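K.L.:
First residue of the sequence shown? That's 111 in the numbering used here, and the numbers climb one at a time after it.
Pasting a structure below so you can have a look.
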Amino acid sequence: MENFEIDVNQFPSLTWNFLNINRARLEFSSKFKSCVSISGAKEIENSALYDSIKTGLGEGFDNKFDSLLQKNGIKTLLFTAESKNQVQKIEFFAQENEASVCDIVIQAKENAQASYIFVYKSESDILNAQLGVRIRVLAQENSHVHICCVNLLGKNVVHFNSIGSKCKDNAAIEITELELGANKTFSGTFNSLEGYKSRFLGRAAYVVKGESFLDMNQVALQTGKCSESRFSVDGVLLENAKKTWRGTIDFKKGCADSVGDEQEDVLLLSPNVVNKSLPVILCDEEAVEGRHGCSIGKVDMEKLFYMQSRGVDEKTARELLTKAKVSKVSRFIPDESLVEEINSFVEAII
């Protein structure tokens, strides 16, 4: 494959370079095909309206991705949400020795309510596969869009998932994310809360094991008055896994009476894992309320002893704790069969 390399998940406020946390380096094929044909989606050319929606992997990535889409003749798929209680599920399959991508735009009309479930799959023993998806959401007044992204890819896949949203007055974007597979995963979300009382609610869970690597970047840019952002991340690291998480709440001048809350809870189940967490609040406005934090730790020995006293061995106890992290997030997915599939996938990898 002919690859390109680009910095992604650039941290909005740089810290010391020796920490190697300011950004990640994505290597992906520059020759790719469209990974799915979706009924109900309209093919469009990029327009200025959607180009203005930044996504989590960064502006440099967006520009490069746009040029490669054009070079490879791949159109953007547009979904329009007009009704309430609308649910659509789309599955993407990575293929061996191939790079596949999809570019999606979701436009939620006024008062619309919709859920979109994106599931990323492959054979468990697939080799040399790449799968990337970009999702942009424009939420008009009083609309609510729920994006669910579930990574069930094989252990040799390179994957990126870049989400961006723009919320108008009283609009809400909800993101549920599960990162459970792939060898290298780059995930980014950028949510622009520019409307009055606009809201972002995010939740994510991950399980990283073996030699796998996960890089996550979550940004809430709050410019609208009385806007609200809340996101939480729960994860487990096993064996020789590496993970970086960046969480940023950015209060801009004029977003008076806004609130923000970001939290991460990481469970380390091996002395060889590498964890990097960076929760940050940036503030240009005085009349706001922000809260952030990160909890990183090992299994509580008292809790483990209690479980063993009830006949649960250490291996089973660790599995139960891992499943609990995932279930805490997967229960929000409006698809029972997918939740069962997630549970089976987790059992297989741990």
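Here a beta-carbon is modelled for each residue, glycine too, at the ideal position from N, C-alpha and C.
Predicted model only: the values in this text are computed from it and were never measured.
Please work out which residues of its chain come closer than 7 angstroms, Cβ to Cβ, to Leu-324, disregarding the five sequence neighbours upstream and downstream, and give them in chain order.
P.N.:
If you number the sequence shown from 1, residue 324 lands on position 214. Same-chain partners within the cutoff: Glu-289, Thr-295, Tyr-316, Val-318, Lys-353.
K.L.:
When DSSP builds the beta bridges, which residues end up paired with Thr-186?
P.N.:
By one-based count along the sequence shown, residue 186 stands at place 76. BP columns for Thr-186 point to Ile-154.
K.L.:
Would Gln-217 be called buried (16 or more neighbouring beta carbons within 10 Å of its own) or exposed?
P.N.:
In the sequence shown, the residue the question calls residue 217 occupies position 107. Burial call: buried.
K.L.:
Within the segment 256-301, note down every full alpha helix (DSSP H) run reaching 4 residues or more, in order along the chain.
P.N.:
DSSP runs (the alpha helix (DSSP H)) wholly in the segment 256-301: none.
K.L.:
With a threshold of 6 angstroms (Cβ to nearest heavy atom), would Ser-368 be considered close to the ligand NAD?
P.N.:
With respect to the ligand NAD, the structure shown offers nothing to examine, as it has no ligands at all.
K.L.:
What's the gap between the Cα of Cys-336 and the Cα of Val-369?
P.N.:
The residue you call residue 336 lines up with position 226 of the sequence shown. The residue you call residue 369 lines up with position 259 of the sequence shown. Between Cys-336 and Val-369, the C-alpha separation is close to 7 angstroms.
K.L.:
Could you tell me which residues DSSP puts in a beta bridge with Ala-218?
P.N.:
As a working mapping, residue 218 is identified with position 108 in the sequence shown. Answer is Ala-191, Ala-249, bridged to Ala-218.
K.L.:
Can you give the beta carbon distance from Glu-399 to Pro-389, rounded, assuming they're within the 8 angstroms contact cut?
P.N.:
For this step, residue 399 is matched to residue 289 along the sequence shown. For this step, residue 389 is matched to residue 279 along the sequence shown. About 15 angstroms separates the two Cβ atoms, so there is no contact after all.
K.L.:
So for Leu-377, helix, strand or coil by DSSP?
P.N.:
Mapped onto the sequence shown, residue 377 falls at position 267. Strand, per DSSP.
K.L.:
Let's test the definition: count the other Cβ atoms within 10 Å of the Cβ of Leu-136 and tell me whether it reaches 16, buried, or not, exposed.
P.N.:
Against the sequence shown, residue 136 aligns to sequence position 26. Buried.
K.L.:
Quick one: measure Cβ to Cβ for Cys-212 and Leu-187, integer angstroms, because I've assumed they're closer than 8 angstroms.
P.N.:
Taking the first residue of the sequence shown as 1, we reach residue 212 at position 102. Taking the first residue of the sequence shown as 1, we reach residue 187 at position 77. Their Cβ separation, rounded to whole angstroms, is 7 angstroms, which keeps Cys-212 and Leu-187 in contact under 8 angstroms.
K.L.:
Measure the alpha-carbon distance for Ser-275 versus Gln-418 and round it to whole angstroms.
P.N.:
Taking the sequence shown and counting its residues from 1, the one referred to as residue 275 is at position 165. Taking the sequence shown and counting its residues from 1, the one referred to as residue 418 is at position 308. About 46 angstroms.
K.L.:
Starting from Phe-361, follow the alpha helix (DSSP H) in both directions and report where the run begins and ends.
P.N.:
What you label residue 361 is simply residue 251 of the sequence shown in a count that begins at 1. Here Phe-361 belongs to no alpha helix (DSSP H); instead the beta strand (DSSP E) covers 352-361.
K.L.:
So what does DSSP say about Ser-419, is it helix, strand or coil?
P.N.:
Translated into the one-based positions of the sequence shown, residue 419 becomes position 309. Three-state result, Ser-419: helix.
K.L.:
Measuring only the C-alpha atoms, how far is Val-195 from Leu-414?
P.N.:
Against the sequence shown, residue 195 aligns to sequence position 85. Against the sequence shown, residue 414 aligns to sequence position 304. It should be pointed out that residue 195 corresponds to Asn in this sequence rather than to Val. Distance between the alpha carbons of Asn-195 and Leu-414: 42 angstroms.
K.L.:
Less than 7 angstroms separating the beta-carbons of Leu-241 and Tyr-226?
P.N.:
As a working mapping, residue 241 is identified with position 131 in the sequence shown. As a working mapping, residue 226 is identified with position 116 in the sequence shown. Going by C-beta atoms, Leu-241 is not nearer than 7 angstroms to Tyr-226.
K.L.:
Identify the continuous alpha helix (DSSP H) that holds Lys-181 and give its terminal residues.
P.N.:
By 1-based counting over the sequence shown, the position of residue 181 is 71. From DSSP, the alpha helix (DSSP H) with Lys-181 extends over 169-181.
K.L.:
In the DSSP output, what is Ala-366 paired with across the bridge?
P.N.:
Residue numbering aside, residue 366 sits at position 256 when the sequence shown is read from its first letter. Beta-bridge pairing links Ala-366 to no other residue.
K.L.:
Do the segment 392-411 and the segment 345-364 meet, that is, are 3 or more Cβ pairs less than 8 angstroms apart?
P.N.:
Yes, since at least three Cβ pairs between the segment 392-411 and the segment 345-364 fall closer than 8 angstroms, the two stretches touch.
K.L.:
Relative to the alpha-carbon of Ile-273, which residue among Gly-264, Leu-262, Val-255 has its alpha-carbon at the smallest distance?
P.N.:
As a first step, residue 273 is located in the sequence shown; it is residue number 163 there, counting from the start. Per the Cα distances, Val-255.
K.L.:
How would you write the range of the alpha helix (DSSP H) that Arg-428 sits in, first residue to last?
P.N.:
Counted from its first residue, the sequence shown places residue 428 at position 318. Residues 424-440.
K.L.:
Would you kindly report the start and end of the unbroken alpha helix (DSSP H) that includes Leu-448?
P.N.:
Counting from 1 along the sequence shown, the entry for residue 448 is found at position 338. Where Leu-448 is concerned, the enclosing alpha helix (DSSP H) stretches over 446-459.
K.L.:
Please report how far the alpha carbon of Leu-379 lies from the alpha carbon of Leu-431, in whole angstroms.
P.N.:
Locating residue 379 in the sequence shown gives position 269, counting from the first residue. Locating residue 431 in the sequence shown gives position 321, counting from the first residue. If I take the Cα positions, the gap works out to 10 angstroms.
K.L.:
Buried or exposed for Phe-128, going by 16 or more other Cβ atoms inside 10 Å?
P.N.:
As a position in the sequence shown, residue 128 is number 18, starting the count at 1. Exposed.
K.L.:
If you count every other CB in all the chains shown that lies within 10 Å of the CB of Tyr-416, and 16 or more means buried, which is it?
P.N.:
Sequence index remark: in the sequence shown, residue 416 carries index 306 (1-based). Exposed, by the Cβ-count rule.
K.L.:
Could you say which of Leu-262, Ala-222, Ser-140, Asn-301 lies nearest to Val-197 if we only look at CA atoms?
P.N.:
The residue given as residue 197 occupies position 87 in the sequence shown. It is Ala-222 whose Cα lies nearest to the Cα of Val-197.
K.L.:
What residues match up with Asp-344 in a beta bridge as DSSP calls it?
P.N.:
One-based indexing of the sequence shown puts residue 344 at position 234. Note: Asp-344 sits in a beta bridge opposite Ala-315, Asp-375.
K.L.:
Would you decide whether Ala-458 is buried or exposed? Buried here means 16 or more other CB atoms lie within 10 Å of its CB.
P.N.:
Counting from one through the sequence shown, the residue named residue 458 turns up at place 348. Label assigned to Ala-458: exposed.
K.L.:
Look up Asp-117 in the DSSP assignment and say whether it is helix, strand or coil.
P.N.:
Within the sequence shown, residue 117 is the residue found at index 7, counting from 1. The answer is strand: DSSP assigns Asp-117 an E or B state.
K.L.:
When you compare the CB positions of Ser-139 and Ile-184, do they come within less than 7 angstroms of one another, or not?
P.N.:
As a position in the sequence shown, residue 139 is number 29, starting the count at 1. As a position in the sequence shown, residue 184 is number 74, starting the count at 1. Cβ atoms of Ser-139 and Ile-184: not closer than 7 angstroms.
K.L.:
Could you work out which residue in Gly-345, Ser-162, Val-260, Ser-440 is closest to Ser-302 when comparing CA atoms only?
P.N.:
Taking the first residue of the sequence shown as 1, we reach residue 302 at position 192. Closest option to Ser-302, Cα to Cα, is Ser-162.
K.L.:
Any idea what DSSP makes of Asn-385, helix, strand or coil?
P.N.:
By one-based count along the sequence shown, residue 385 stands at place 275. Strand at Asn-385.
K.L.:
Evaluate Lys-181 with the Cβ neighbour count: other Cβ atoms within 10 Å of its Cβ, from every protein chain shown; 16 or more gives buried, anything less gives exposed.
P.N.:
Indexing the sequence shown from 1 puts residue 181 at position 71. Lys-181 comes out exposed.
K.L.:
What is the rounded straight-line gap between the Cα of Leu-263 and the Cα of Phe-310?
P.N.:
As a working mapping, residue 263 is identified with position 153 in the sequence shown. As a working mapping, residue 310 is identified with position 200 in the sequence shown. Distance between the alpha carbons of Leu-263 and Phe-310 is about 27 angstroms.
K.L.:
Tell me where the beta strand (DSSP E) around Tyr-226 begins and ends.
P.N.:
Indexing the sequence shown from 1 puts residue 226 at position 116. Here the beta strand (DSSP E) through Tyr-226 covers 223-231.
K.L.:
Round the Cβ separation of Val-268 and Asn-293 to the nearest angstrom and send it over; I've been treating them as touching at under 8 angstroms.
P.N.:
Locating residue 268 in the sequence shown gives position 158, where the first residue counts as 1. Locating residue 293 in the sequence shown gives position 183, where the first residue counts as 1. Val-268 to Asn-293, Cβ: 6 angstroms. Contact.
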